[in-house]
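The next block holds one structure in the form of structure tokens; read it before the comments.
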Amino acid sequence: MEYWDQDRECMDREGIAQLQLERLQSTLNRVYKNVQHYRKTFLDIDFMPEDFRSLEDLKALPFITRRNLMENYPYGMFAVPLREVVRLHAPVLNQDDPVVVGFTRHDLKNWAELMARCLTAVGLDKDDVVQVSPTVGVMTGAFGVQLGAERIGASVIPLPGGNTPAQVKIMRDFRTTALIATPTFALGILRSMSDLEMSCNMLSLRYAILGAEPWAEATRTELENRLCLTATDIYSLAEIFGPGVAWECPQKQGLHIAEDHFIPEIIDPETLETLPAGEEGELVITTISKQAFPLIRFRTGEITRIISESCACGRTHCRIARLYRRCDEAFVMQGDRIIPEQVSRVLSRLVGDVPNFQMVVERPGDQDQLTVLIEISEGMFFDEMRKQRRFVEELHREISMSLGWEASVRLVEPGTFDVKQKIVDRREFE
Amino acid sequence: MLRLVNVHSGYGLVRVLRNVSIHVDKGEVVTLIGANGAGKTTTLRAISGLQPVQDGQIFFNGRDITNLSAEKLVRYGIAQVPEGRQIFRPMTVAENLELGGYLVYKLHGKRQLRASIDEMFELFPILRERKSQFAGTLSGGEQQMLAIAMSLMGRPQLLLLDEPSMGLAPLIVRDIFKTIAHLNETEGLTVLLVEQNANAALKVAVRGYVMETGRIIYQERADALLENPEVRRAYLGRDKGDIWA
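As they're listed, the protein sequences go chains C and F. Under numbering that gives the first Met the number 0, the first residue of the first sequence carries the number 0, and numbering increases by one thereafter. Under numbering that gives the first Met the number 0, the first residue of the second sequence carries the number 0, and numbering increases by one thereafter.
The structure is reproduced here in structure tokens:
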């Protein structure tokens with residue numbers, strides 16, 4: 000069993016608790032001093048950082064939501080002046096307000112360390128060749144993987160998505176041993192391989208680290224068998240780092256959260272009460288080492304549970320169960336988080352008022368597919384067939400553009416679907 | 000080894016330490032840096048029992064030592080080298096060391112005391128040369144060496160060093176820090192070091208805490224703190240760019 004930073008990864012629980020308390024207290028001192036949003040919300044509940052006595056006190060602090068982050072655009076949530084920020088990521092661009100996350104030099108160093116831990120845990124070392132496929136831009140994953148892979152001394156080939164046949168060729172000729180991708184992309188690789196009549200024996204692949212969207216155990220089995228590798232899950236959260244928050248060790252029994260950098264909590268998304276360990280609920284994360292963009296009790300919208308039993312791999316950090324569902328009105332597809340407001344904004348621009356609509360996510364083959372059902376109303380009727388068709392085409396184009404990929408649009412009669420349910424996710428992961 | 004949890008302390012009505020939590024593992028050199036009046040010395044005094052802890056707890060090797068008397072803490076293995084070289088100036092170097100070894104004499108007898116003093120002379124050869132000189136006639140650096148040697152007489156597990164570089168010439172400061180690093184490497188001595196000279200302190204330490212008005216605002220590995228622009232500006236002197244900008 001290999002560790003990147005054994006002292007930290009296998010720290011005893013008492014040590015973790017002390018480190019968490021110290022780091023959290025210093026983070027609270029800093030955000031109270033430097034971030035107006037935190038100062039204000041802390042004052043509202045009459046809380047001073049020096050009142051913070053134990054990790055239990057975290058339960059009393061207010062939550063941070065994605066909405067808060069948007070409201071405080073551009074610099075509101077930064078805890079250091081911009082001159083100390085060496086990197087800015089904009090993981091959310093397709094909504095009302097973008098979200099921009101900053102990193103100091105030290106934050107990036109921590110990110111590299113975390114990714115190095117993850118890659119080492121999976122089994123990679125300096126002899127590996129890592130092919131990194133997530134598109135650089137909205138998806139920030141590639142940067143982190145690159146930092147981590149270079150930290151452990153592996154060779155990195157950044158090859159943003161698309162043109163899978165060419166990617167397979169590079170994979171073969173440069174003896175890529177590890178693939179970092181979304182599960183959908185990995186399935187695409189599989190398809191290209193059968194098109195090219197290649198078998199996994201012709202490749203050197205040994206590991207696949209997949210994430211950025213939910214994926215089923217069945218997909219894992221299929222990929223592992225047909226690509227002859229070990230596939231592990233990685234959890235990314237672009238508001239924090241991207242990947243590197245939690246990852247699976249080869250035991251594949253849940254994802255280890257780096258507890259010396261993050262404190263996970265599970266809450267009931269309805270009552271907002273903290274749930275006891277082991278129960279299922281919404282994941283809330285507090286960062287305790289980040290300097291530029293610290294988040295206190297950030298609601299991820301992800302449903303999971305905390306596994307506190309020790310793991311056979313020897314790491315003492317707790318794990319979270321694999322994430323399949325969300326509790327906010329959103330879904331993840333093609334590695335991107337989609338909310339219904341994006342569609343309603345397009346509709347209100349084209350139609351005037353927003354008609355009832357429903358977004359249906361399906362997975363007929365190995366690719367996700369999104370259909371937007373729109374309830375037909377007076378304003379969408381045209382006498383001429385040509386005009387009618389042009390209108391639907393325009394809807395299709397505009398919606399696809401705002402999402403960044405192809406979605407299909409169908410006009411349906413009123414009563415076809417439940418108007419209260421904006422999202423129907425027919426994919427099965429569990 | 001040493002663990003402070005939510006320590007509050009102060010002088011009279013003035014609260015100096017607010018919710019200070021730090022830890023020092025066995026064999027580590029950890030430094031506490033910060034501006035004047037941030038509460039660094041108060042933290043050390045709270046640990047060594049010279050300053051009452053108003054709230055919170057201090058653990059040493061798993062034992063709760065909050066508000067125990069300084070005498071007891073010395074017996075447990077905590078020694079403090081106070082700020083400003085508190086040695087007995089009208090006495091000779093050897094007499095000073097004998098005083099530092101009071102507990103050794105009481106517990107183990109005269110022979111052990113002699114052996115301990117000899118050990119100190121091995122560690123600090125300059126003190127052997129000055130053995131019968133009055134402590135007050137030593138140079139600043141030598142006085143600091145003597146102060147450290149006095150605390151080491153009791154073979155402490157944890158050494159609390161308060162501003163060892165104060166008022167010393169840069170060359171002497173380098174010697175002092177070399178000695179600290181040497182003690183840590185060869186004897187495995189655990190050190191909590193309070194310093195204004197953050198640059199030097201962070202070079203010898205593995206981890207560091209940054210204090211500001213009685214609160215800890217950063218806790219990082221020492222090399223990370225050396226690179227931290229905020230720490231650089233506040234405690235390591237300005238960047239060149241800042242001056243010329």
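Ideal Cβ placement from N, Cα and C applies to all residues, glycine included.
The beta carbon of G243/C does not come within 9 angstroms of any beta carbon belonging to chain F, so the residue lies off that interface. Around the beta carbon of T183/C, 16 or more other beta carbons sit within 10 angstroms, so the residue counts as buried. DSSP places A148/C in the uninterrupted alpha helix (DSSP H) bounded by 140-151. Not flagged as an interface residue toward chain F: V283/C, since no C-beta distance is shorter than 9 angstroms. A distance below 9 angstroms separates the beta carbons of P90/C and V98/C. Taken in chain order, the complete alpha helix (DSSP H) segments of 4 residues or longer contained in the stretch 96-130 of chain C are 104-121.
Close to Q17/C, with beta-carbon spacing below 8 angstroms, are these residues of chain F in chain order: R2, V4, S20, H22. For K32/C, the nearest beta carbon of chain F is closer than 9 angstroms to its own beta carbon.
Secondary structure at Q420/C: coil, using DSSP grouped into helix, strand and coil. If you check the CB distance, T175/C and Q130/C come in under 9 angstroms. The three-state reading of DSSP puts P48/C in helix, counting H, G and I together. Annotated three-state conformation of T370/C is strand, per DSSP. Within the DSSP secondary-structure output, D335/C pairs in a beta bridge with M332/C. Flagged as an interface residue toward chain C: A223/F, by a C-beta distance shorter than 9 angstroms. If you check the CB distance, V128/C and S203/C come in under 9 angstroms. Assigned with DSSP and collapsed to three states, P124/F falls in helix. Below 8 angstroms, too few C-beta pairs join the stretch 298-311 of chain C and the stretch 149-162 of chain C to call them touching: fewer than three. In the three-state reduction of the DSSP assignment, N5/F falls in the strand class. For the C-beta of Q218/F, the chain C residues within less than 7 angstroms are, from N- to C-terminus, E21, R22, S25. For P51/F, not one C-beta of chain C is nearer than 9 angstroms to its own C-beta. Closer than 9 angstroms to the CB of Y208/F there is at least one CB belonging to chain C. Interface residue (Cβ-Cβ distance to chain C less than 9 angstroms): E229/F is classified as such.
Setting aside the 5 residues that flank it on each side, W214/C is surrounded in the same chain by P182, F428, each with a C-beta closer than 7 angstroms to its C-beta; the list follows chain order.
Each residue's CA atom was taken as its position, placing Q341/C and G241/C some 22 angstroms apart.
For H181/F, the closest Cβ of chain C is not nearer than 9 angstroms. By the Cβ test, the stretch 47-60 of chain F is in contact with the stretch 2-13 of chain F, since at least three Cβ pairs between them sit closer than 8 angstroms.
Rounded to whole angstroms, the gap between the alpha carbons of C326/C and L282/C is 10 angstroms. Put simply, the backbone Cα of Y323/C is about 18 angstroms away from that of A185/C. For I215/F, the residues of chain C that pass the 8 angstroms Cβ criterion are E21, Q24, S25, N28, in the order they occur in the chain.
Around the Cβ of F330/C, a 10 Å sphere holds 16 or more other Cβ atoms; the residue is buried. Following the DSSP letters along the chain, one finds R29/C in no beta strand (DSSP E) but inside the alpha helix (DSSP H) bounded by residues 12-33. Between L167/F and G135/F, the beta carbon gap of about 16 angstroms keeps them out of contact (Cβ cut-off 8 angstroms).
Proximity to E269/C across F390/C, G280/C, Q35/C, A276/C peaks at G280/C, based on C-alpha coordinates. M332/C and N224/C have their alpha carbons spaced roughly 24 angstroms apart. In its own chain, leaving out the 5 sequence neighbours on each side, no residue places its CB closer than 7 angstroms to the CB of Q17/C.
The Cβ atoms of M76/C and L68/C sit closer than 9 angstroms to each other.
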